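Undergrad:
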Amino acid sequence: MRDGVRAEGIPGGYGAVYGELKALETLGLCRRGYFVEGLGGAQFALGGAVERLRELRPREGDEPDVLVLAAADPAQPYGAALPWPKRAGARAARVAGARVVLLGGEPALFVERGGRSLVPLRDPDESWLKPALFALVAHVRSQGVKKRLAVERFDGEPVTESDAMPLLVEAGFLAGPRRAVLRP
Numbered sequence: 000m001r002d003g004v005r006a007e008g009i010p011g012g013y014g015a016v017y018g019e020l021k022a023l024e025t026l027g028l029c030r031r032g033y034f035v036e037g038l039g040g041a042q043f044a045l046g047g048a049v050e051r052l053r054e055l056r057p058r059e060g061d062e063p064d065v066l067v068l069a070a071a072d073p074a075q076p077y078g079a080a081l082p083w084p085k086r087a088g089a090r091a092a093r094v095a096g097a098r099v100v101l102l103g104g105e106p107a108l109f110v111e112r113g114g115r116s117l118v119p120l121r122d123p124d125e126s127w128l129k130p131a132l133f134a135l136v137a138h139v140r141s142q143g144v145k146k147r148l149a150v151e152r153f154d155g156e157p158v159t160e161s162d163a164m165p166l167l168v169e170a171g172f173l174a175g176p177r178r179a180v181l182r183p
């Protein structure tokens, strides 16, 4: 929570926020506990939010949810409250125009601003990459994006030479001589 407050630049910092949340807890308007694994320190949540988190727990055999968010979206905790995953050659940042594909709540794929490069945030594997790419295509098409997405690099190498190219085509991209293109 402390990192999230710092990232948002809230006046008074963590001390001011903590005091207010503690007062809300005393009034019974929120609860303090350990709700999100990997997020250290004091955590506060509304009662309804706690119940919703419990409902959303993955069950044995469930397919993980896939979600595409703006990398700088406050609902996307990586790079603010939680660190980005560490993977050799992978870099991600909370920048305007970039997107992140979350798989089961964890970052899987970073789409750099402008979409020229896709950066896997875990070792590339078809079992997660395929649903991540399909979700990215659905997201682009549902958002009414007017500009095409022209991917030139995947995991630091030319996309046309990468193992991801067939999966990109299967997801809806068109194979070009130097790039994979998704038209809205």
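Just so you know, the sequence shown maps onto residues 0 to 183 in numbering that gives the first Met the number 0.
From the three backbone atoms N, C-alpha and C, an ideal C-beta is built for every residue, glycine too.
These figures come from a predicted structure and were not determined experimentally.
1. Would you tell me roughly how many angstroms separate the C-alpha atoms of Ala89 and Gly27, rounded to the nearest one?
2. Quick one: what's got a C-beta closer than 6 Å to Phe153's C-beta in the same chain, skipping five residues either side?
3. Quick one: grab the DSSP three-state call for Tyr77.
4. Cutting at 7 Å between CB atoms, please list the residues of its own chain near Leu45, excluding the five before and the five after it.
5. I'd like to know if the segment 106-124 and the segment 145-159 are in contact, where contact means that at least 3 CB-CB pairs between them fall below 8 Å.
6. Measuring straight from C-alpha to C-alpha, what distance separates Pro63 and Gly18?
7. Which one or two residues does DSSP pair with Val94 in a beta bridge?
8. Alpha carbon to alpha carbon, what distance is there between Ala174 and Gln75?
9. Mind listing, in chain order, the continuous beta strand (DSSP E) runs of no fewer than 3 residues lying wholly within the segment 96-169?
10. Considering only their Cβ atoms, is the gap separating Leu166 from Leu132 smaller than 8 Å?
11. Kindly indicate which three-state DSSP category Val16 falls into: helix, strand or coil?
12. Do Leu184 and Gly37 have their C-beta atoms closer together than 8 Å?
13. Taking the straight line between their C-alpha atoms, what separation do you get for Gly8 and Pro130?
TA: If we stick to the structure as given:
1. Cα to Cα, Ala89 sits roughly 43 Å from Gly27.
2. Take Phe153, set aside five residues on each side of it, and the residues of its chain with a beta-carbon closer than 6 Å to its own are Leu117, Ser161 and Ala163, in chain order.
3. In the displayed model, Tyr77 falls within a strand according to three-state DSSP.
4. Same-chain partners within the cutoff: Cys29.
5. Segments in contact, yes.
6. If I take the Cα positions, the gap works out to 36 Å.
7. Val94 is not bridged to any residue.
8. Distance between the alpha carbons of Gln75 and Ala174: 31 Å.
9. You should have 98-102, 105-110, 116-119 and 148-150.
10. Yes.
11. Of the three classes helix, strand and coil, the one that applies to Val16 here is helix, per DSSP.
12. As displayed, the chain neither begins before 0 nor continues past 183, which places residue 184 out of reach and without an answer.
13. Cα-Cα distance, rounded: 35 Å.
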